[in-house]
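Student:
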């Protein structure tokens, strides 16, 4: 529901996006199951699709074809880092505070976009943004948000999906949205968006920060999900390692490359994989079944396409809520740690750019450590990223 709704804001064909989303999610999840034998599901990631559509394409006027090229290159670099074996060094070089801040910042960014899609927050010439008119669709969307939160608090599985469907059905019944003309149909052709990526335009220096941002977020998002779900599945060894992590991350990177070729933003490992593990899933068979269900969804495109934005917007707000919950783990007591984390968090939604938040976060972290006499806490990789961040901001 959500991915086609977000990406279609760029001018991409929504019907084709529904087909592509199902294909990429299904086949990528199968890859994870067959090659890595892991119970993880994959699909275009929330947050990164919003960054793709609203920041890169609409905010910077980057054509969606070029943006797909950016996603493709980020996946290629992610794959190379995994195969060369320096992935672990990069992961270990990024301070925990900045990793947590990136997640929180993306959560706020997604929440802001969700509220805009719901039209709860609208443009205001006097103060940039303000409260929108409380129309029936806005009120219904807020009701859907409350429903999702109540279901989640009662630990009802599938709370977000139930909330989307309930809100959509209520909209159909009340005449706020048009119901689907049919429940099943032949899947739409992916041709309007597939194989249209522009790699040549994506290698321009102005887009290097975007490539890095996609790769960085995908790397840490996927790794964090794999670690959390692997602990729940009992797949983590006593020394904290995950057997087969290389294949898992490689599958994730290949899925991003494959997804960009077909016409969607970054494909990543989903935290909802924990649902399958909670039901006893421990092997790739869980992923195979999930992938088959994704492919089956291809034939329900009329139903998916009819879901209105006021039903999907609350889902973005809920995802944002999930992502900011880790803010209590950030060390705000030391200002050499607090300022970089704060800038990372606040600049993502305010500048409408994940990349800008990351650039200021890395740069301010290195500057604060140098000026406070804690230069020994820095490492060459982190300093290198900060230098590149400074160059990107000045050029």
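Residue numbers (the working numbering): 37 to 431.
All residues carry an ideal CB built from backbone N, CA and C; glycine is no exception.
Since this is a predicted model, take the numbers as computed values, not measurements.
Would you report the Cα separation of residue 51 and residue 196, rounded to the nearest angstrom?
Tutor: The alpha-carbon atoms of residue 51 and residue 196 are separated by roughly 22 Å.
Student: Check residue 405 in the structure and name its three-state DSSP category.
Tutor: Reduced to three states, the DSSP call for residue 405 is helix.
Student: Rounded to whole angstroms, what is the Cα-Cα separation between residue 173 and residue 202?
Tutor: Using only the alpha carbons, I get a separation of about 13 Å.
Student: Let's test the definition: count the other Cβ atoms within 10 Å of the Cβ of residue 95 and tell me whether it reaches 16, buried, or not, exposed.
Tutor: Counting Cβ neighbours within 10 Å, residue 95 comes out exposed, since fewer than 16 surround it.
Student: Given that a residue counts as buried once 16 or more other Cβ atoms are within 10 Å of its Cβ, and exposed if not, what is residue 257?
Tutor: With 16 or more Cβ atoms within 10 Å of its Cβ, residue 257 is classed as buried.
Student: Looking at C-beta atoms only, is the number of pairs between the region 217-228 and the region 331-351 that lie closer than 8 Å three or more?
Tutor: Enough Cβ pairs lie closer than 8 Å, so yes.
Student: Under the rule that 16 or more other beta-carbon atoms within 10 Å means buried, what is residue 367, buried or exposed?
Tutor: With fewer than 16 other Cβ atoms within 10 Å, it is exposed.
Student: Using the rule of at least 16 other Cβ atoms within 10 Å of the residue's Cβ for burial, across every protein chain shown, is residue 332 buried or exposed?
Tutor: Exposed is the call here.
Student: From residue 176 to residue 42, what does the alpha carbon distance come to, in whole angstroms?
Tutor: Distance between the alpha carbons of residue 176 and residue 42: 19 Å.
Student: Run the CB neighbour count on residue 274, radius 10 Å, all protein chains shown included, and call it buried at 16 or more, exposed below.
Tutor: Exposed: under 16 other Cβ atoms inside 10 Å.
Student: Taking the straight line between their C-alpha atoms, what separation do you get for residue 89 and residue 320?
Tutor: If I take the Cα positions, the gap works out to 32 Å.
Student: Please list the segments of the alpha helix (DSSP H) lying wholly inside the region 290-333, counting only runs of 4 or more residues, in order along the chain.
Tutor: As far as the region 290-333 is concerned, its whole alpha helix (DSSP H) runs of at least 4 residues are 309-314, 320-332.
Student: Express the C-alpha separation of residue 134 and residue 362 in angstroms, rounding to a whole number.
Tutor: Residue 362 and residue 134: Cα-Cα distance of roughly 12 Å.
Student: List the DSSP bridge partners of residue 165.
Tutor: Note: residue 165 sits in a beta bridge opposite 159.
Student: Cβ of residue 290 versus every heavy atom of the ligand PLP: is any distance shorter than 7 Å?
Tutor: Absent from the structure shown: the ligand PLP. Ligands present: none.
Student: Distance, Cα to Cα, residue 345 vs residue 410?
Tutor: Whole-angstrom Cα-Cα distance: 48 Å.
Student: Over what stretch of residues does the alpha helix (DSSP H) that includes residue 236 continue unbroken?
Tutor: That run of the alpha helix (DSSP H) goes 235-238.
Student: Any idea which residues DSSP pairs residue 79 with across the strands?
Tutor: Answer is 304.
Student: Pick out whichever of 390, 75, 156, 237 has its Cα sitting closest to the Cα of residue 143.
Tutor: Checking every option, the nearest Cα to that of residue 143 belongs to 390.
Student: Could you check whether the region 372-379 touches the region 204-218, counting it as contact only if at least three pairs of C-beta atoms, one from each stretch, sit closer than 8 Å?
Tutor: The region 372-379 is not in contact with the region 204-218.
Student: If residue 271 and residue 71 are in contact, beta carbons under 8 Å, what's the gap, nearest whole angstrom?
Tutor: Incorrect: roughly 16 Å between the Cβ atoms, too far for contact.
Student: Between the region 108-125 and the region 393-406, do at least 3 Cβ pairs fall closer than 8 Å?
Tutor: Verdict: no, contact absent.
Student: According to the neighbour-count rule (16 or more other Cβ atoms, all chains shown, within 10 Å of its Cβ), is residue 340 buried or exposed?
Tutor: With 16 or more other Cβ atoms within 10 Å, it is buried.
Student: Does the Cβ of residue 161 have 16 or more other Cβ atoms within 10 Å, making it buried, or fewer, making it exposed?
Tutor: Counting Cβ neighbours within 10 Å, residue 161 comes out exposed, since fewer than 16 surround it.
Student: Given that a residue counts as buried once 16 or more other Cβ atoms are within 10 Å of its Cβ, and exposed if not, what is residue 392?
Tutor: With 16 or more Cβ atoms within 10 Å of its Cβ, residue 392 is classed as buried.
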